[in-house]
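Written out below as structure tokens is the structure these notes cover.
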Amino acid sequence: MAKIEDRETRKRKRGIRRSRKTHIVSLSSEHRQSGRLLEHNEDETSTASVSKVARSNSSKPSNFLEKMRARLSGGHFRMINEKLYTCTGNEALCYFKNDRSLFDMYHAGYQEQMSHWPEQPINIIIKWLKERSPSLVVADFGCGDARLAKKVDNKVFSIDLVSSEPSVIACDMANTPLDSSSIDVAVFCLSLMGTNFPRYLHEAHRVLKHGGWLLIAEVKSRFDPNSGGADPKSFSKAVCDLGFTPFSKDFSNKMFILLYFKKKENQCSGVKKIEWPRLKPCLYKRR
Ligand SMILES: C[S@@+](CC[C@H](N)C(=O)[O-])C[C@H]1O[C@@H](n2cnc3c(N)ncnc32)[C@H](O)[C@@H]1O
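Residues in the sequence shown are numbered from -4 upward in steps of one, following the working numbering.
Encoded structure:
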């Protein structure tokens, strides 16, 4: 009798141990599947630590899974964001062509980050446009969810690497299908991401009419020489060498700067070598 009880107790104990193991393994494999994307990310969580958290959270699994999903998608966002800041526009185009879901993942993370900003630069640009004639034709370079086009009465050509709306032109903004001298306002709102960003500004110069506006909103830290950012003066000089006149600038916001230029009416012919400063990537911290 004692022998049978012992055997049954041992069986029960083995069963408990096995079911605990299964729980940990299934969480680890969920992590492993996403780990392909997390390889180089600071957010990477080792299987061991996932298992440890799994054990301590076993009483409320849905809460735990939600937390882990949020952590993983935050990690994906940071990794895609870093990729976009460290490759050319054409490489970014191929990256999203290979896997469109990466674009959606990036934008979900981007919206999450933006929700912590007291003010979004795109709203300032929308306000700026609303104070001007709706007859101005606009090109929104790196439009994201095309919010600008949705909020103003102007004709807006929305351009991005992926077309999230039927109206968005999917292309690398270094080479758009827009006609030369056809645009009144070219907007770059947090979109000078690629390492070949000067090519995007050359393209804006091509499509803008003489006297047309160039509006640039960029993350402030990218223009802070004290933390490795570019000197705003050398950036402005390069834009002017391209064929623009500085109109105004706004450094009042804590998170971003705004630069307003106008395309020169008459440009001296001749090719001038432009010295573009390097724009450092804007990497987001883990929250
Ligand atoms: C940080 S988001 C900003 C989106 C939008 N302008 C806003 O302010 O909400 C930058 C956008 O630029 C796009 N982008 C980056 N490089 C691009 C390129 N070479 N051609 C077209 N779009 C590009 C990205 O896909 C992304 O949607």
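Yeah, the Cβ is synthetic: ideal placement off N, Cα and C, and Gly gets one too.
Exercise. Closer than 6 Å: is that where the CB of glycine 137 sits relative to any heavy atom of ligand 1?
Worked result: Here the question's residue 137 lines up with position 142 in the sequence shown. Correct: glycine 137 has its Cβ closer than 6 Å to ligand 1.
For this session: Could you have a look at tryptophan 112 and say whether DSSP puts it in helix, strand or coil?
Result: Indexing the sequence shown from 1 puts residue 112 at position 117. Note: tryptophan 112 maps to coil in three-state DSSP.
For this session: Apply the 10 Å Cβ neighbour rule to histidine 200 and answer buried if 16 or more other Cβ atoms are within range, or exposed otherwise.
Result: Here residue 200 refers to the residue found at position 205 when the sequence shown is read from its first residue. So histidine 200 ends up on the buried side.
Problem set entry | Inter-residue spacing [alpha-carbon to alpha-carbon] between leucine 254 and asparagine 248 | Along the sequence shown, one-based indexing puts residue 254 at 259. Along the sequence shown, one-based indexing puts residue 248 at 253. Using only the alpha carbons, I get a separation of about 12 Å.
Exercise. Alpha carbon to alpha carbon, how far is serine 177 from serine 57?
Worked result: Sequence index remark: in the sequence shown, residue 177 carries index 182 (1-based). Sequence index remark: in the sequence shown, residue 57 carries index 62 (1-based). When rounded, the distance between both Cα atoms is 53 Å.
Exercise. According to DSSP, which residues form a beta bridge with tyrosine 255?
Worked result: As a first step, residue 255 is located in the sequence shown; it is residue number 260 there, counting from the start. Looking at the DSSP assignment, tyrosine 255 forms a beta bridge with Leu210 and Ser243.
Exercise. Heavy atom of ligand 1 less than 6 Å from the Cβ of methionine 100, yes or no?
Worked result: Within the sequence shown, numbered from 1, the residue matching residue 100 stands at position 105. No, the beta carbon of methionine 100 sits no closer than 6 Å to any heavy atom of ligand 1.
Exercise. By how many angstroms is the C-alpha of lysine 78 removed from the C-alpha of lysine 280?
Worked result: Within the sequence shown, numbered from 1, the residue matching residue 280 stands at position 285. Within the sequence shown, numbered from 1, the residue matching residue 78 stands at position 83. Cα to Cα, the separation comes out at about 15 Å.
Exercise. What did DSSP end up calling isoleucine 269 once you bin it into helix, strand or coil?
Worked result: Position 274 of the sequence shown holds residue 269. Coil, per DSSP.
For this session: Determine the direct distance from the alpha carbon of leucine 124 to that of aspartate 99, and round the result to whole angstroms.
Result: Locating residue 99 in the sequence shown gives position 104, counting from the first residue. Locating residue 124 in the sequence shown gives position 129, counting from the first residue. Roughly 28 Å separates the two Cα atoms.
Problem set entry | Reduced DSSP category for aspartate 99 - H, G, I as helix; E, B as strand; rest coil | By 1-based counting over the sequence shown, the position of residue 99 is 104. Note: aspartate 99 maps to helix in three-state DSSP.
Exercise. Is the closest heavy atom of ligand 1 to the C-beta of methionine 188 under 6 Å?
Worked result: Position 193 of the sequence shown, counted from the first residue, corresponds to residue 188. Methionine 188 Cβ: within cutoff of ligand 1.
Exercise. Three-state secondary structure (DSSP) at lysine 92?
Worked result: Taking the first residue of the sequence shown as position 1, residue 92 is located at position 97. DSSP places lysine 92 in helix when its eight states are reduced to three.
Problem set entry | beta-carbon isoleucine 121 near ligand 1 non-hydrogen atom, thresh 6 Å | As a position in the sequence shown, residue 121 is number 126, starting the count at 1. The answer is no for isoleucine 121.
Problem set entry | Reduced DSSP category for leucine 79 - H, G, I as helix; E, B as strand; rest coil | Here residue 79 corresponds to residue number 84 of the sequence shown, with the count starting at 1. Note: leucine 79 maps to helix in three-state DSSP.
Exercise. Is phenylalanine 218 close to chain C, meaning its C-beta is less than 7 Å from at least one C-beta of that chain?
Worked result: Of the protein chains in this structure there is only one, and it is not chain C.
For this session: Verify the contact flag: glycine 84, CB atom, against every heavy atom of ligand 1, threshold strictly below 6 Å.
Result: Mapped onto the sequence shown, residue 84 falls at position 89. For ligand 1, at least one heavy atom lies less than 6 Å from the Cβ of glycine 84.
Exercise. Looking only at its own chain, which residues have a Cβ that is under 7 Å from the Cβ of methionine 168, when we skip the five neighbours before and after it?
Worked result: Taking the sequence shown and counting its residues from 1, the one referred to as residue 168 is at position 173. Hits under 7 Å: Gly84, Phe136, Gly137, Ile154, Tyr195 and Glu198.
Problem set entry | Short Cβ contact (7 Å threshold) for valine 132 with lysine 145 | Working through the sequence shown from its first residue, we reach residue 132 at position 137. Working through the sequence shown from its first residue, we reach residue 145 at position 150. Not a contact, by the Cβ cut-off of 7 Å.
Problem set entry | Any non-hydrogen atom of ligand 1 within 6 Å of aspartate 167 CB | On the sequence shown, position 172 is the one that residue 167 refers to. Result yes, Cβ under 6 Å from ligand 1.
For this session: Could you give the DSSP three-state label for valine 151: helix, strand or coil?
Result: Residue 151 sits at position 156 when you count from the first residue of the sequence shown. The answer is strand: DSSP assigns valine 151 an E or B state.
Exercise. Any idea which residues DSSP pairs leucine 203 with across the strands?
Worked result: Counting from one through the sequence shown, the residue named residue 203 turns up at place 208. According to DSSP, leucine 203 bridges with Ile178.
Exercise. Does the beta-carbon of glutamate 260 have 16 or more other beta-carbons within 10 angstroms, so that it is buried, or is it exposed?
Worked result: The count along the sequence shown starts at 1 and reaches residue 260 at position 265. Glutamate 260 comes out exposed.
Exercise. Between leucine 274 and methionine 74, what straight-line distance do the alpha-carbon atoms span, to the nearest angstrom?
Worked result: Here residue 274 refers to the residue found at position 279 when the sequence shown is read from its first residue. Here residue 74 refers to the residue found at position 79 when the sequence shown is read from its first residue. Going by the C-alpha atoms only, they are around 18 Å apart.
Exercise. Apart from the five residues just before and just after tyrosine 105, which ones in its own chain have a Cβ nearer than 8 Å to its Cβ?
Worked result: Position 110 of the sequence shown, counting from 1, holds the residue named residue 105. Counting only Cβ-Cβ distances below 8 Å, and skipping sequence neighbours, we find Phe72, Asn76 and Gly139.
Exercise. In terms of residue numbering, what span does the alpha helix (DSSP H) encompassing aspartate 236 cover?
Worked result: Along the sequence shown, read from residue 1 onward, the residue named residue 236 stands at position 241. Looking at the DSSP string, the run of the alpha helix (DSSP H) that includes aspartate 236 is 227 to 237.
Problem set entry | Buried or exposed by the 16-neighbour rule on C-beta atoms within 10 Å, applied to proline 116 | Walking along the sequence shown from the start, residue 116 turns up at place 121. Proline 116 comes out buried.
Exercise. Between the beta-carbon of phenylalanine 246 and the beta-carbon of leucine 209, is there less than 7 Å?
Worked result: Taking the sequence shown and counting its residues from 1, the one referred to as residue 246 is at position 251. Taking the sequence shown and counting its residues from 1, the one referred to as residue 209 is at position 214. Contact flag unset, no.
Problem set entry | According to DSSP, residues forming a beta bridge with aspartate 135 | As a position in the sequence shown, residue 135 is number 140, starting the count at 1. Its beta-bridge partners are Ser153 and Val182.
Problem set entry | For isoleucine 164, the nearest candidate out of Phe230, Gly223 and Leu88 (CA to CA) | Within the sequence shown, numbered from 1, the residue matching residue 164 stands at position 169. With distances taken between Cα atoms, isoleucine 164 lies closest to Leu88.
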